[in-house]
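In our numbering, the protein residues as written are -6 to 89. Think of the CB as a built atom: it goes at the ideal place given N, C-alpha and C, for glycine as much as any other residue.
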Amino acid sequence: MENQVTIAIKGRSSSIERDEMTTIQVTLPDQLAQEAERAGLLSPGFLEKWLRDQLKARRSAEFLSALDQLDAAGSQEFMSPEEVAEEIAAMRAAGR
């Protein structure tokens, strides 16, 4: 039989300085729920910290991925200032 665990986690409203609660209901196998409860893994404080850590890790991974993409894009060759000036001069001459 499965055990239902209901957890209330405090959250801060983005526009109003007041605490709001969100309730999360998780269905776990009895043995896992009991072990997790005994280990303190289902406490609101632990779950809040764990979720914040997971969000931070995800944001960091996304940031590093974006840096890799920028680095890959930066490996393309760019025109030197002299080449840019030559292209501008050529376009101006063609436009006359």
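**OP:** Measure the alpha-carbon distance for Leu25 versus Gln18 and round it to whole angstroms.
**Re:** 15 Å
Subject >> Segment limits, alpha helix (DSSP H) that includes Ser73 >> reply: Element bounds for Ser73: n/a, residue is neither H nor E.
Original post:
Given Asp46, which residues of its chain have a CB within under 7 Å of its CB, disregarding the five upstream and five downstream residues?
Top reply: none
Subject >> Whole alpha helix (DSSP H) elements within the segment 33 to 71, 4-residue minimum >> reply: 37 to 67
**OP:** Taking Arg31 as part of the alpha helix (DSSP H), name the residues at either end of that continuous run.
**Re:** 23 to 31
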